[in-house]
Structure formats: structure tokens, C-alpha cells
Amino acid sequence: MDIQHIIKSVNVDTDGLRSAVHQLIHKSVVAFNPSNWKPEEANKLRKTILDQIVFQGTPPNWRTFPTKDETIDCIETGHGYQIEKLRLEILPDFWIPALLYQPHLPKLHKPRPAVLSVNGHVGPLGKSIEFVQRRCINLAKRGITTLHLEWLSFGELTDPNYTHNRLAYLDLCGVSGLSVFYLAMRGGLDFLWEHPFVIKEKIAMTGLSGGGWQTIFLSALDQRITVAIPNAGYIDISNRLTHASDIGDLEQNPNDLLTLADYTHLTALLSPRPALLIYNHQDDCCFVADRAKPAIYDLVKSIYPTPNNFVFYKNISPGTHNYDEDNRKQLYYFLCKHFDLPMIQDGDLELESEVLSFEDLVVGLPDKTANFKTIANKIMHQKKLEASQLPSKLQHILRYQSTSVSQVELTHQKGKGGQLIFDNGLLAAFCQFRPEGNTRDNDTIILIADQGFMSMVTEIENHLNMGNSVLAVELFLTGQVIPTGISVSHTSMLLSTSGLRALGFQVAQLVSILHWYRYVYKSEELILESKGRVTGIIAQLAKQLYSGPLENNMAKDQLSSLQDLINKEIEYEQCPTLFCFDLLRYMSSKSSTG
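The number in our numbering is simply the position in the sequence shown, starting from 1, with 43 added.
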């Protein structure tokens, strides 16, 4: 039997799969309708997002943790401002380096407007990158106190356990990983709010890219920000579904957010405060201006009571992903207008000699610092005794929706392979093998593997030689069953932010296939065999939810425990569906994952 020939004959409609994923997401998310927007309910929405999304599952003391600050050094520049080196403790032992640019003229100790300046994905230079320094210095010379925060994974925070998608370690433990990002930027706002020489009614926030995301997220949920100026930071779910470059990282797609609010809703939450939305004409990263304007600005502008307070700016020169002079000019003008400051000049001030090196701006961290891994390990220990073994708990964690095989499409000329279409529109691929010349009722093996059919060839051959029948299956997001134009990790995070769980779909498919095969082929007992980290967990969970007889599954290359994902520092991108919110507590209640 030519096993590889049969495998290669199987075709999957990945375009159709992509459409099915889009439909599932669109059915699950809340759409923004300006005619239904009720300003009087804005605070309720803010509270719900904070309670159910940002601080979901977090220890109570996280939300109320008082930001602590330490002044490390001060640079007297001799150019009319000073730079204080600070670090902020946002959780126990979790420190964020920061730079405070303070104007001297006409005197240092005078109440002033302030800007919370935040980074995007700027690489190893972090807070020392030139365009950020230019922005902060120009603001200081215009009489605006500016606090610029280091962002996780960049600059002084480049330890791998600050990598953004490692927030999934916390999600796995049932604690919102987004909360750490939120507390980091809120910590900066807390510092400015308590600063004796900051005018509380005049605190703005701005940043590019990930800094634009930080700006919309904190400004929408914390009204202490009185002026918001995000630059190329976000877009709605429809654009993210059709443009993979718009998707971003896990913090930008937090669990369940879109069941309450899309980024259009977050933009509406800025009202009636002044907001300048900057996007770039030919952005070579994400969120192109001509897509963002109809998706975000045009929908929200009608709900603004003062239209001049809500402005869209499309940068043409250079029009790429930037916070260069033209965009900075828009920032200065908008701030001076709404902070009632005199315009010094439209563009940047001359300051070539004032841009400092990375080393000059190093703040330094304590010897003991927390990160995503250390926090996750602490949570694992604290929450282990709280684990629940109830099937209903598992179904909730997986957002489990039972499904059934609605259609079988054969692509092999002898009917030995094809795709299974489920009633939710998702697909799985299959190949069927029977031992030649063997009419005895031997075992039937259902075989699943992370890497798909080609990784199963040896196992298929071995079972056929033993006289067993084999149904090899590629489940959703394994093997070739991946939607066109989008990665497995991006698919998983978009499902999760829409209130769905990719792992739940995978488990439901396997349960459905077991029922289908048993019914169609009158097989009383099946043996389930898995190969790989992901399918090993899928098999165990399916066994708990499958009502028919099923022998103990055989598993190869499986995790010894879900804790391995954290302890071995496995990246989210390697097995994204396993980082299912709160799954670790359920699995920890079992004696093992084997």
C-alpha cells in the first residue's frame, strides 16, 4: 500500500476554512453602532472591561497595588531641562525603568502639563531610540513634563521572559496576562498623577505602534488621561481578519475582549476628551491610514459632542510607520491647543547634540526582578489546591461547543482520504487505511499528530503490519488544516479574543469524529493514539468528554505536564492552542497528563 500517495491525495479547502473561522468570529464579537452608543453607559463598560478582561483571575491585591518609585540619578543637560532616571514597581519585584524629562524654564518647581510617553516595538534601543528622545526633549522645551516608560521586551527589559506572548504563561494559570501590561502603563500614570508639579487636569498620552495600542487602551479605561494621541496603534477586528500584519501580539488580542468591546468601542470611550488619531498613508508595518479611517474614525466621530476635539491625521511624509517630524508637529500643535500653551514653532527644535546614547540613559534594575515566568510559577503554587475536576468546568474553560460531521468530501480516487466538514463550518482531513488481505476484526486506531499525516507514516505502517485499521486525522490547526493567509498562533489568539477557544474546537472535532466513526463503521471500541504536545492534550481532554468506549490512549512526544509549557519556556507560537485560559488548574487536578 502506497501510504504516502494516499496522504498526498488529500486536499483541504483552506480558503473555505478561513471563511468559516471568520464567520465564527463575526458571530461572537460585538459590533460598534454609533446610533446605539449611550455615553451614560461608558463608565459601566469601562468597569466591565477592567473586571472581566484586564483583571480577570488576578489576585485582589494586584488591582490596588500602589505604584512605588525610586529615583536613581538625574542628568542635568544644560539645555533647559533635566532627565531623571526612575524605576517604577508595578507589582512586587516587577520594575519598569523610566525617564522623566522636566522643563527648567522659567523655573523647575512649577505645576505643568504632562505627557505619558510610551514605546512600541522599537528593538533593543528601547527608550533611547532617537525619535522618542526627540519627542520628549521637544515637549520638555515647550514646558511639558514628560515621563517615558521602557516597554516589556525592549531596552533594559530584554530578558526572554518579558517577551510579550509569554503573558500566555499567566493566561494558562487563569490570571490575565494583559494585567501586567496594564499595570505597567497605569504605574506611569499614577506617578504623574501624584507628582506635585503636574497639573492633574492636563495629562496626555502618546506613542507609536505598540505605544499607540498602549495609548488607546489606557486612555479609554482611565479618564485621568485628558488628551489621547495614539499613532498607528490599532484597528478593528474586520481589518485584523483580512490583514495579518494588523493582528499584533497577545496583549493586543486579550481573551474575550471582543465579546464586550472592539477597538472602535475603546475609541468611543475617549469621548468627550480631545483625541488625535494619527495614521500613516503607506504604513509598512500595520494599520494603513485609508483602512483605519473608515473603520475607526468615521464610525466614532458622530458621537463626539465637540467635533473639533476628535481629529484624524494621515501622515504623507514619509507616510511609513513613523513618529518623525511631521507627526511630532501634529502632536505639539494638538497639545499646545488643548493645554493652552503658546506655540514655540511648528516643527522640531534643533537638538542634534542632545540625543544621548543607550548607555547614557540606562536606569538599572534590582538584582531580584519578577517576570512572566516567575509570576506564573508563583501562581501555579498558590492555585494548585483550587483546581476543579468537574467536566462542566472543563467545558467552560474550553468554551466547548459540541459539533458533528455534516459532510464527507473524498479527494482520493478510491475513497481513502478527504476532508470532514463539521456543522460549524470547520474542517478536518482524514486518511483511512485497512490491512491488505486481513478480514479479521482487529483494532481500529484513531491517529492524530501535531505535524499531520507525513509525521504519522511510521505509525501507520506499524499498525497495518499488526493487522489494525487506521483512521489518520489532521484536526483543525494541525498538519495542513490551517486557514489560508494566517498562522496557527494568530488564528488561535483571534478566536480567544472573540470569546472562543481553538482548543475547544479541536477537542470537539475529535469527540465528533469518534462518534461518527463508531456509528458509520459499527466499531464498538476504538483506540486513540496521539503524537505531539498539542494532540496529546487534545486526546486526554476528548477522552473526558467522549461518551463511548475508548481504550487508554497511546501518546508519543507528549508533555509530562502542562507546567512544562512554563518550566521549559515553550513559546506561545509553538503550541498556541494549549495556552487556553485557566486550563492548567484543571489539568493539575489530574494525577498527570499521561
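C-beta atoms are modelled at their ideal positions from N, C-alpha and C, and glycine is treated no differently.
Neighbour-count burial assignment, residue i, 16 or more Cβ in a 10 Å radius
| i | result |
| --- | --- |
| residue 231 | buried |
| residue 76 | exposed |
| residue 116 | exposed |
| residue 343 | buried |
| residue 550 | buried |
| residue 253 | buried |
| residue 248 | buried |
| residue 349 | exposed |
| residue 564 | exposed |
| residue 390 | exposed |
| residue 487 | buried |
| residue 132 | buried |
| residue 55 | buried |
| residue 388 | exposed |
| residue 400 | exposed |
| residue 148 | exposed |
| residue 411 | exposed |
| residue 396 | exposed |
| residue 258 | buried |
Close Cβ partners of residue i (< 7 Å) along its chain, the five nearest in sequence each way excluded
| i | result |
| --- | --- |
| residue 495 | 517, 521, 522, 523 |
| residue 152 | 240 |
| residue 196 | 205, 206, 207 |
Same chain, Cβ closer than 6 Å to residue i, neighbours up to 5 away in sequence not counted
| i | result |
| --- | --- |
| residue 453 | 461 |
| residue 137 | 413 |
| residue 334 | 282 |
Coil, strand or helix - residue i by DSSP
| i | result |
| --- | --- |
| residue 365 | coil |
| residue 187 | coil |
| residue 165 | coil |
| residue 215 | helix |
| residue 357 | strand |
| residue 410 | coil |
| residue 128 | strand |
| residue 54 | coil |
| residue 73 | coil |
| residue 175 | helix |
| residue 314 | coil |
| residue 485 | coil |
| residue 150 | coil |
| residue 547 | helix |
| residue 144 | strand |
| residue 475 | strand |
| residue 220 | coil |
| residue 379 | helix |
| residue 291 | coil |
| residue 505 | helix |
| residue 438 | helix |
| residue 515 | strand |
| residue 47 | helix |
Spatially closest choice to residue i from the options, by CA coordinates
| i | options | result |
| --- | --- | --- |
| residue 526 | 552, 563, 469, 465 | 469 |
| residue 368 | 404, 173, 204, 240 | 173 |
| residue 89 | 260, 100, 344, 180 | 260 |
| residue 291 | 276, 450, 303 | 276 |
| residue 330 | 386, 169, 311, 365 | 365 |
| residue 465 | 147, 149, 450 | 450 |
| residue 194 | 556, 215, 312, 171 | 171 |
| residue 93 | 210, 233, 303, 246 | 303 |
| residue 603 | 322, 619, 616, 579 | 579 |
| residue 229 | 217, 265, 296 | 265 |
| residue 434 | 60, 206, 58, 630 | 630 |
| residue 283 | 533, 147, 590 | 533 |
| residue 360 | 600, 373, 150, 455 | 373 |
| residue 208 | 587, 535, 357, 177 | 535 |
| residue 363 | 336, 332, 351 | 332 |
| residue 73 | 541, 560, 561 | 541 |
| residue 85 | 204, 353, 310, 128 | 310 |
| residue 356 | 337, 346, 345 | 337 |
| residue 383 | 245, 295, 480, 397 | 245 |
| residue 323 | 255, 293, 268, 280 | 255 |
Nearest-angstrom beta carbon gap, residue j and residue i [assumed within contact, 8 Å]
| i | j | result |
| --- | --- | --- |
| residue 272 | residue 155 | So it is not a contact: roughly 18 Å between Cβ atoms. |
| residue 192 | residue 162 | 7 Å |
| residue 144 | residue 182 | 7 Å |
| residue 543 | residue 210 | Contact doesn't hold; Cβ gap of about 19 Å is too wide. |
| residue 135 | residue 408 | That pair is no contact at about 14 Å. |
| residue 214 | residue 79 | So it is not a contact: roughly 31 Å between Cβ atoms. |
| residue 591 | residue 444 | Their Cβ separation, rounded to whole angstroms, is 19 Å, which puts residue 591 and residue 444 out of contact at 8 Å. |
Residues near residue i in its chain [Cβ-Cβ closer than 8 Å; skip 5 each side]
| i | result |
| --- | --- |
| residue 175 | 160, 162, 165, 191, 366 |
| residue 438 | 588 |
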